[in-house]
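Chemist: Numbered per this note's numbering, the first sequence finishes at 643, counting up by one with no gaps.
Provided herewith is a single structure, encoded as structure tokens, for subsequent inquiry.
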Amino acid sequence: MKRGGTAVGSRLIVPEDSWRRIGGMGGRGQLKTPASESSGSGGTFMSAKLSSKEQKKLEKLDRMRHSMAHVMAAGVLKLFPDAKIAIGPPIENGFYYDFDLPRKLTPEDLPVIEGYMAEVIKEDNPFEKQVISRDEALKFFAGQDYKVELINDLPEDVELSFYKMGDFTDLCRGPHVESTGRLNHQGFKLLSIAGAYWRGDEKRPMLQRIYGTAWGDPKQLKAHLEHLEELEKRDHRKLGKELDLFSLQEKAGPGLVYWHPKGARIRVAIEDFWRQEHYKNGYEMVFTPHVGKSWLWETSGHLDFYAESMYPNMVMDKADYYAKPMNCPFHVMIYNNGKYSYRDLPLRWAELGTVYRYERSGTLHGLMRVRGFTQDDAHLICTPDQMQEEIREVLRFSLFMLRSFGFEEIAAYLSTMPEKAVGEPERWDAAQASLKEAIEAEGLDYDIDEGGGAFYGPKIDLKVKDALGRSWQLSTIQFDFNLPDRFDMTFTDSDGAEKRPYMIHRALLGSLERFFGVLIENYGGAFPVWLSPVQVVVIPVAATFDDYAKEVVKEMRLKGIRVQADLGNDRLNHKIRYHQTQKVPYMLVVGEREQESRSVNVRIRTGEKSDLPLDEAVKMILKKLEEKDLP
RNA sequence: GCCAAAGUAGCUCAGGGGUAGAGCAACGCUCUCGUAAAGCGUAGGUCGUGAGUUCGAAUCUCACCUUUGGCUCCA
Numbered sequence: 013m014k015r016g017g018t019a020v021g022s023r024l025i026v027p028e029d030s031w032r033r034i035g036g037m038g039g040r041g042q043l044k045t046p047a048s049e050s051s052g053s054g055g056t057f058m059s060a061k062l063s064s065k066e067q068k069k070l071e072k073l074d075r076m077r078h079s080m081a082h083v084m085a086a087g088v089l090k091l092f093p094d095a096k097i098a099i100g101p102p103i104e105n106g107f108y109y110d111f112d113l114p115r116k117l118t119p120e121d122l123p124v125i126e127g128y129m130a131e132v133i134k135e136d137n138p139f140e141k142q143v144i145s146r147d148e149a150l151k152f153f154a155g156q157d158y159k160v161e162l163i164n165d166l167p168e169d170v171e172l173s174f175y176k177m178g179d180f181t182d183l184c185r186g187p188h189v190e191s192t193g194r195l196n197h198q199g200f201k202l203l204s205i206a207g208a209y210w211r212g213d214e215k216r217p218m219l220q221r222i223y224g225t226a227w228g229d230p231k232q233l234k235a236h237l238e239h240l241e242e243l244e245k246r247d248h249r250k251l252g253k254e255l256d257l258f259s260l261q262e263k264a265g266p267g268l269v270y271w272h273p274k275g276a277r278i279r280v281a282i283e284d285f286w287r288q289e290h291y292k293n294g295y296e297m298v299f300t301p302h303v304g305k306s307w308l309w310e311t312s313g314h315l316d317f318y319a320e321s322m323y324p325n326m327v328m329d330k331a332d333y334y335a336k337p338m339n340c341p342f343h344v345m346i347y348n349n350g351k352y353s354y355r356d357l358p359l360r361w362a363e364l365g366t367v368y369r370y371e372r373s374g375t376l377h378g379l380m381r382v383r384g385f386t387q388d389d390a391h392l393i394c395t396p397d398q399m400q401e402e403i404r405e406v407l408r409f410s411l412f413m414l415r416s417f418g419f420e421e422i423a424a425y426l427s428t429m430p431e432k433a434v435g436e437p438e439r440w441d442a443a444q445a446s447l448k449e450a451i452e453a454e455g456l457d458y459d460i461d462e463g464g465g466a467f468y469g470p471k472i473d474l475k476v477k478d479a480l481g482r483s484w485q486l487s488t489i490q491f492d493f494n495l496p497d498r499f500d501m502t503f504t505d506s507d508g509a510e511k512r513p514y515m516i517h518r519a520l521l522g523s524l525e526r527f528f529g530v531l532i533e534n535y536g537g538a539f540p541v542w543l544s545p546v547q548v549v550v551i552p553v554a555a556t557f558d559d560y561a562k563e564v565v566k567e568m569r570l571k572g573i574r575v576q577a578d579l580g581n582d583r584l585n586h587k588i589r590y591h592q593t594q595k596v597p598y599m600l601v602v603g604e605r606e607q608e609s610r611s612v613n614v615r616i617r618t619g620e621k622s623d624l625p626l627d628e629a630v631k632m633i634l635k636k637l638e639e640k641d642l643p
């Protein structure tokens, strides 16, 4: 495969999800996304930072979208008078409503429903609120099982209200717009149909959900739809194919990533930088096995709490082996293989460790959620005295790494002690205080998720905002009060006593696979020069100049530049077009003029052109490499 | 895992009970070319896998695999 075509399609972009912990264990229930994630339009990064004016605007949009959900339900009831209706809240950029319908919806139903909705809007029906007693409400919704359940589940002291709009009445807390005329009949679009469990519970009935987007006017709707198109263009799965970066192959197992040579070039660039910076920051590298005997996972507790996320056992010599879902027990094994004193600490051990986790088939998603991935993992083992300094340093290091990859907007989330937790409260307090202190020292915006930490320790997560305004959780710094106990880790303190060290897990980029996916989408495949798989292509205007082109390649390759000549039989225009679609940062066109003056005509990916002496061009490119800049 | 949709050449897709199609890419030849697609030709497919219906299946049925959109944003 060499030259890919283009693709068009239409689908919703998935909100960022893949929330990966790096250490400890426990079920999925312990995963918590930071608070303040979901509200607002256009993807609010830090809801707390919104001005009151922006807040008001959002409230207005939310109200409009909520009303739009009612309008859609009214439209669906016209199509299916027997439909059972569930819930229909406003969401980011739009709304949805869940239905229990007599037949499966098809995409062809959506325009029909849209038509009904436009009619309802034009009718300019007022939204009328009426407070209603529980009995009346139950009577009204007799047969509407979901509504009945909702009513019964509402606390006794809550005032129930109905909103009536035309002949559609819904149990609703409101608020709504005054009347449907306030909605823009050209400002909404139904986007997709999806299955959704009633109340998100997989043991309950599967409902049909219709998602829609709604805006104040057609212009905003258009802008939003264009934004969705842009997201689609940048989809890492699409770009991964077009730029020949990676693949996932069903024959060989879902959720397992193949890094092709061009993707591997990028990964190696990332890893080289990563190792170099870790050594500069006082880390040591370790390498640990991919599998370990059950003793390890019994001791760590993974087999008790994490088994359903692990690949099943392999039996060899009558012993059970498991592929590692986390690196931490192995790092602990290295620690416990020796004896350390306070003089040896802190230890900072890093590993690009590949782990395997069973993810449910329906949750796999390109590089973003996979079953085998490489964490840029490290464990810090230190004395209580060193803890604060270690946290501050690791946070500083995280920010440096993220910024090196072009992410400038970074926010922190601090998750604190949950109800069920291991470790003494004093240790939690000390750890939380040091996390908070470090965040403040770096001047980061942050939110606190009270009680949102894992049972084994508090943590800081860092989220970055990408070029399209989406936020991605990448770094995580987590205390672990569990493994040191379970593995009985100790160090000898200055008073000769054996004491328990602090252990901190951390991943800066998260997983290389996911980080790669984020990078691809952030740059839309047009990477900074230092990450570009092919940095320079030399194109002779005719075969007569092949030798000079080869000479230019040789010269640049010696300088460490990833360069190749395109000596194919194709036309110049064709070659330029191809390498442009491959988003190669620099094309050097060479012909008679250039050969005679030992120069090159530099065509930058942006379309800019300039004539430069060969050695100047080399210098310019090396500078961009050094600065990790775009071309 | 569950619901829905999809899987046809390396890529993007059309077709649809009766000999498998296009464009791009690949390969060959011609042209020797100055900044986003030269021309002609050749080759390329167990139509996701397996079973079934049928004289005949890529097409219809069923099962499985994989992919895609969703599955705690609460009346």
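All residues carry an ideal CB built from backbone N, CA and C; glycine is no exception.
Computed from a predicted model, the values in this text were never measured in an experiment.
Whole angstroms are fine: how far does the CA of SER173 sit from the CA of GLN142?
Modeler: Those two C-alpha atoms are separated by around 6 Å.
Chemist: Which whole-angstrom value is the C-beta distance of TRP542 and LEU447, which I expect to be below 8 Å?
Modeler: So it is not a contact: roughly 32 Å between Cβ atoms.
Chemist: Given a threshold of 16 other Cβ atoms within 10 Å of its Cβ, counted over all protein chains shown, does ASP461 qualify as buried or as exposed?
Modeler: So ASP461 ends up on the buried side.
Chemist: Beta-carbon within less than 7 Å of GLU454's beta-carbon, same chain only, minus the 5 sequence neighbours each way: which residues are those?
Modeler: Taken in chain order, the residues that qualify are LEU407, ARG408, LEU411.
Chemist: Is there contact between the segment 506-515 and the segment 553-569, where contact requires at least three CB pairs shorter than 8 Å?
Modeler: No contact exists between the segment 506-515 and the segment 553-569.
Chemist: Pick out the complete beta strand (DSSP E) segments inside the segment 501-556, 3 residues or longer, and give them in chain order.
Modeler: Here the runs fully enclosed are 514-523, 548-552.
Chemist: What three-state label does DSSP hand GLY374 in the structure shown?
Modeler: Note: GLY374 maps to helix in three-state DSSP.
Chemist: Is the distance from the Cβ of VAL132 to the Cβ of PHE111 below 7 Å?
Modeler: Contact: no.
Chemist: Among TRP309, LYS330, VAL280, LYS336, which has the Cα closest to the Cα of HIS302?
Modeler: The shortest Cα separation from HIS302 among TRP309, LYS330, VAL280, LYS336 belongs to LYS336.
Chemist: Cα separation between PHE285 and PRO273?
Modeler: Cα to Cα, PHE285 sits roughly 18 Å from PRO273.
Chemist: Since TYR108 and ALA86 should fall inside the 8 Å C-beta cutoff, what is the C-beta to C-beta distance between them, to a whole number of angstroms?
Modeler: The Cβ separation is near 15 Å, so there is no contact.
Chemist: Let me check you understand the geometry: is the CB of LEU113 closer than 6 Å to at least one non-hydrogen atom of the ligand GTP?
Modeler: With respect to the ligand GTP, the structure offers nothing, as it holds no ligand at all.
Chemist: Under the DSSP definition of a beta bridge, which residues are partnered with ARG355?
Modeler: Partner(s): none; ARG355 has no beta bridge.
Chemist: Does the contact criterion of 3 or more C-beta pairs under 8 Å hold for the segment 523-532 versus the segment 475-495?
Modeler: Cβ pair count under 8 Å is three or more, so yes.
Chemist: Note down, in chain order, each residue of its chain lying with its Cβ closer than 8 Å to the Cβ of ILE451, except the 5 sequence neighbours on either side.
Modeler: Around ILE451: LEU407, ALA424, LEU426, TYR458, ILE472.
Chemist: Could you please give the first and the last residue of the uninterrupted alpha helix (DSSP H) stretch that includes HIS391?
Modeler: Run containing HIS391: none in the alpha helix (DSSP H); it sits in the beta strand (DSSP E), 384-394.
Chemist: By DSSP's criteria, MET599 is part of a beta bridge. Which residues make up the other side?
Modeler: Partner(s): VAL549, ARG615.
Chemist: My output table needs one value for MET380: the three-state DSSP class, helix, strand or coil.
Modeler: Residue state, collapsed to three classes: coil.
Chemist: Excluding five sequence neighbours on each side, which residues of the same chain lie with their C-beta closer than 6 Å to the C-beta of ARG246?
Modeler: These residues qualify, in order along the chain: GLU533, GLY536.
Chemist: So VAL189 packs on MET76, CB below 8 Å; how close in whole Å?
Modeler: With a Cβ gap of about 6 Å, VAL189 and MET76 count as contacting.
Chemist: Would you list the one or two residues that DSSP bridges to LEU474?
Modeler: In the DSSP output, where bridge partners are listed per residue, LEU474 has ALA424.
Chemist: Are at least three pairs of beta-carbons, each pair with one atom in the segment 364-382 and one in the segment 390-404, less than 8 Å apart?
Modeler: No: the two stretches stay apart, fewer than three of their Cβ pairs being nearer than 8 Å.
Chemist: For PRO167, which three-state DSSP category applies?
Modeler: Three-state DSSP puts PRO167 in coil, outside helix and strand.
Chemist: How many Å lie between ARG216 and LEU203 at the Cα?
Modeler: If I take the Cα positions, the gap works out to 25 Å.
Chemist: What is the rounded straight-line gap between the Cα of GLU320 and the Cα of GLU126?
Modeler: Distance between the alpha carbons of GLU320 and GLU126 is about 43 Å.
Chemist: Using only the alpha-carbon positions, how far apart do LEU624 and GLY418 sit?
Modeler: Looking at the two C-alpha atoms, the distance is approximately 28 Å.
Chemist: Would a C-beta distance cut-off of 7 Å place GLU606 and VAL612 closer than the cut-off?
Modeler: Yes, the Cβ-Cβ distance between GLU606 and VAL612 is below 7 Å.
Chemist: Helix or strand or just coil, what does DSSP make of VAL434?
Modeler: Note: VAL434 maps to coil in three-state DSSP.
Chemist: Between the Cα of LYS134 and those of ASP147, LEU117, SER191, spot the shortest distance and give me the residue it belongs to.
Modeler: Residue SER191 is the option with its Cα nearest to LYS134.
Chemist: Starting from GLN232 and walking both ways along the beta strand (DSSP E), at which residues does that stretch end?
Modeler: Per DSSP, GLN232 belongs to no beta strand (DSSP E); it is in the alpha helix (DSSP H), 230-245.
Chemist: Look at the alpha carbon of TYR334 and the alpha carbon of VAL170, and state the distance between them as a whole number of angstroms.
Modeler: Looking at the two C-alpha atoms, the distance is approximately 52 Å.
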